[in-house]
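Some notes on the structure that comes next.
2 protein chains.
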Amino acid sequence: MTEPAPTPRRGRRPKGQGNPRDDILRAAQKEFGDRGFDRASIRAVARRARVNPALVYHYFESKDDLFTALIGSQVNPARIHSLLTEHAREDAGHVIVRGFATVWDNAGPESVLVIMLRSATTQPTAARLLREVIVDEIVGPGAGRRGGRADRLRLSLVGSQLLGLAIARYILRIEPIAKATPSALAEHLGPAVSVLLADPTGR
Amino acid sequence: MTEPAPTPRRGRRPKGQGNPRDDILRAAQKEFGDRGFDRASIRAVARRARVNPALVYHYFESKDDLFTALIGSQVNPARIHSLLTEHAREDAGHVIVRGFATVWDNAGPESVLVIMLRSATTQPTAARLLREVIVDEIVGPGAGRRGGRADRLRLSLVGSQLLGLAIARYILRIEPIAKATPSALAEHLGPAVSVLLADPTGR
Chain A
0 MTEPAPTPRR GRRPKGQGNP RDDILRAAQK EFGDRGFDRA SIRAVARRAR
50 VNPALVYHYF ESKDDLFTAL IGSQVNPARI HSLLTEHARE DAGHVIVRGF
100 ATVWDNAGPE SVLVIMLRSA TTQPTAARLL REVIVDEIVG PGAGRRGGRA
150 DRLRLSLVGS QLLGLAIARY ILRIEPIAKA TPSALAEHLG PAVSVLLADP
200 TGR
Chain B
0 MTEPAPTPRR GRRPKGQGNP RDDILRAAQK EFGDRGFDRA SIRAVARRAR
50 VNPALVYHYF ESKDDLFTAL IGSQVNPARI HSLLTEHARE DAGHVIVRGF
100 ATVWDNAGPE SVLVIMLRSA TTQPTAARLL REVIVDEIVG PGAGRRGGRA
150 DRLRLSLVGS QLLGLAIARY ILRIEPIAKA TPSALAEHLG PAVSVLLADP
200 TGR
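So the sequences go chain by chain: A and B.
At position 108 of the first sequence the residue is numbered 107 (numbering that gives the first Met the number 0), and the sequence of numbers has no breaks.
At position 22 of the second sequence the residue is numbered 21 (numbering that gives the first Met the number 0), and the sequence of numbers has no breaks.
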C-alpha cells in the first residue's frame with residue numbers, strides 16, 4: 000500500500016466540466032514530455048490534471064497502461080490497417096511513408112510518439128510498447144491474412160524501415176531526411192517499402 | 000586544470016609489453032559496455048588499462064574522441080565504401096544488408112555499436128557520432144561522386160534503413176528480425192535497399 004495521496008485543494012477542477020479521461024491524457028502528455036517515461040509518475044499526472052490519483056487509476060491500471068493509451072490516442076490501428084490493404088500494391092509504400100511522416104509531423108517534436116522512441120532504447124517498458132505497436136499493428140494484421148514466417152519477416156522489416164525513418168528524422172535529425180517533406184520522403188522511400196510489401200511468391 | 004591523477008602503483012603494466020593504444024581501446028570497450036556512454040570516464044578507462052590518465056589523453060583528446068576511435072575500430076569506412084561502389088547495382092542492397100548484419104552479429108550483443116545505438120536517442124554526443132557515421136561514411140562518399148540533394152536523400156534513407164534494422168534486431172529484438180540469419184535479412188531487405196541505391200534518373 001502506498002500512503003494516501005493528498006487531495007489538491009487549491010485549483011481543484013470544477014465539477015461537471017470536460018471529460019476527466021481526456022484531461023488526464025492531456026496532463027499525461029505534458030508529464031511524459033517534460034520528464035520522460037522513466038521519471039513520469041501517476042501522482043504528478045493527477046496533480047497536473049487537478050484530479051485525485053484514484054481517478055487516474057479508475058481510468059488506467061498503471062503508468063504503462065496510461066502510456067499505451069496515449070500512444071493509442073495518436074496512432075490509429077484501423078487507419079494503418081487500411082493503408083496496408085486498401086491501396087494498390089505498387090502505391091502502398093508511397094501512401095504508407097507519406098501517411099506515417101504526416102502523422103508524426105502533426106504530432107509535433109515532443110509528442111508521445113517521439114518520447115516512446117527516445118525511451119525505447121533504454122527503458123524495457125517503452126521498448127515492449129514499441130515492439131507491440133510494430134508487431135500487433137503492422138505485422139499481425141498483415142501476416143494474419145497471408146501467414147508464413149517469410150511474410151512476418153517482410154512485414155516486420157517494413158516496421159523497421161519506418162522505425163529507422165522516425166529515428167533519423169525526429170531524434171537524430173539527419174539531413175536531408177529531417178527537412179524533407181513527407182512527399183519527398185514518400186517519393187524515395189515509398190518504392191523501397193513497396194518492394195517489401197509485394198509478396199515475392201505472387202500470392 | 001583538473002587535479003593530477005593518482006598513478007596506479009599496484010598492478011601497473013610492465014613496460015614494453017603490448018601496444019598501449021590497443022590496451023586503452025580494449026579497456027574503453029569494457030568501460031563503455033559496463034557503464035554506458037554517459038557515465039563512462041577517461042579516469043576509469045585509465046584504471047582498467049593500468050595506465051596513467053595522461054597516457055589516455057596522449058592518444059585521445061576527449062571521451063568523445065575515444066568513443067569515435069572505438070567505433071572506427073569496428074566500422075571500416077573503406078569496406079563500407081567498397082560495398083556501396085564495387086557491386087552491381089542490383090546486388091548492392093543484398094551485399095550491404097548481409098555485410099552489415101554479419102559485422103554487427105560478430106561484434107556481439109554489448110559491442111560499442113550497440114552502446115552507441117542505445118545512447119544515441121538520449122545522449123546528444125552519441126547522437127552526433129551516429130549521425131556522423133551515417134552521413135560521413137555512407138552519404139558523403141556516395142553522394143560526393145554523384146552530387147545532388149535527391150542523391151543525398153536516397154543515401155541517407157539507406158542509412159535510416161540500416162539504423163531501423165539494427166534497432167529492431169539488437170535493441171528491441173523484434174521477431175522474426177532478431178532471429179533471422181544475415182542471409183534471410185539480405186534476401187528480403189536487400190532488394191529494398193537496392194531500390195534506394197539505384198539512381199532513378201539512370202545516371
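No residue lacks a Cβ here, since even glycine has one placed at the ideal position from N, Cα and C.
The structure displayed is predicted, hence computed values, not measured ones.
Secondary structure at Phe59 of chain B: coil, using DSSP grouped into helix, strand and coil. Taking a cut-off of 8 Å on C-beta distances, the segment 59-73 of chain B does not touch the segment 150-157 of chain B, as fewer than three cross pairs fall below it.
For Gly92 of chain B and Val192 of chain B, the gap between their C-alpha atoms comes out near 5 Å.
In the three-state reduction of the DSSP assignment, Gly147 of chain A falls in the coil class.
If you draw a straight line from the Cα of Ala68 of chain B to the Cα of Gly163 of chain B, it is about 23 Å long. Look at the segment 150-184 of chain B and you find no whole run of alpha helix (DSSP H) that is 4 residues long or longer. Interface annotation, Thr180 of chain B: not in contact with chain A, CB-CB separation never under 8 Å. Using beta-carbon distances, Gly163 of chain A counts as an interface residue toward chain B, with a partner under 8 Å. For Ser118 of chain A, the uninterrupted alpha helix (DSSP H) segment begins and ends at 111-119. Under the 8 Å criterion on CB atoms, Gly158 of chain A is classed as interfacial with respect to chain B. Per DSSP, the unbroken alpha helix (DSSP H) holding Asp37 of chain A starts and ends at 19-38.
The beta carbon of Thr121 of chain B sits closer than 8 Å to some beta carbon of chain A. For the segment 180-194 of chain B, the set of positions with a beta-carbon nearer than 9 Å to some beta-carbon of chain A reads Ala183, Leu184, Glu186, His187, Leu188, Pro190, Ala191, Val192, Ser193, Val194 in chain order. DSSP, reduced to helix, strand and coil, places Pro108 of chain A outside both helices and strands of the structure shown, so it counts as coil. A contact is defined here as three or more CB-CB pairs under 8 Å, and the segment 168-181 of chain B meets this definition with respect to the segment 100-117 of chain B. Residue contact with chain B for Leu112 of chain A: absent (no Cβ-Cβ distance below 8 Å to any residue of chain B).
Secondary structure note for Val44 of chain B: its alpha helix (DSSP H) is the uninterrupted segment 41-48. For the pair Ile70 of chain B and Leu128 of chain B, the CB atoms are nearer than the 8 Å cut-off. Within chain B, no residue has its beta carbon less than 8 Å from that of Pro108 of chain A; the closest one is some 14 Å off. Within the model, the alpha-carbon separation for Gln160 of chain B versus Ser182 of chain B is close to 16 Å. DSSP, reduced to helix, strand and coil, places Ala91 of chain A within a helical segment of the structure shown.
For a Cβ distance threshold of 9 Å, residue set Leu152, Ser155, Leu156, Gly158, Ser159 of chain B lies close to Ile176 of chain A, ordered along the chain.
Put simply, the CB of Ala126 of chain A is near chain B, with a gap under 8 Å to one of its CB atoms. Interface with chain B (8 Å Cβ-Cβ cutoff): Leu24 of chain A is excluded.
Residues of the same chain with a CB within less than 7 Å of the CB of Pro190 of chain A, apart from the 5 flanking positions on each side, are Gly92 in chain order. Between the alpha carbons of Ser118 of chain B and Val96 of chain B lies a distance of about 23 Å.
Straight through space, the alpha carbons of Ala43 of chain A and Ala39 of chain B are spaced by roughly 32 Å. Below the 8 Å Cβ cutoff, chain A contributes no neighbours of Val102 of chain B, its closest Cβ being approximately 17 Å away.
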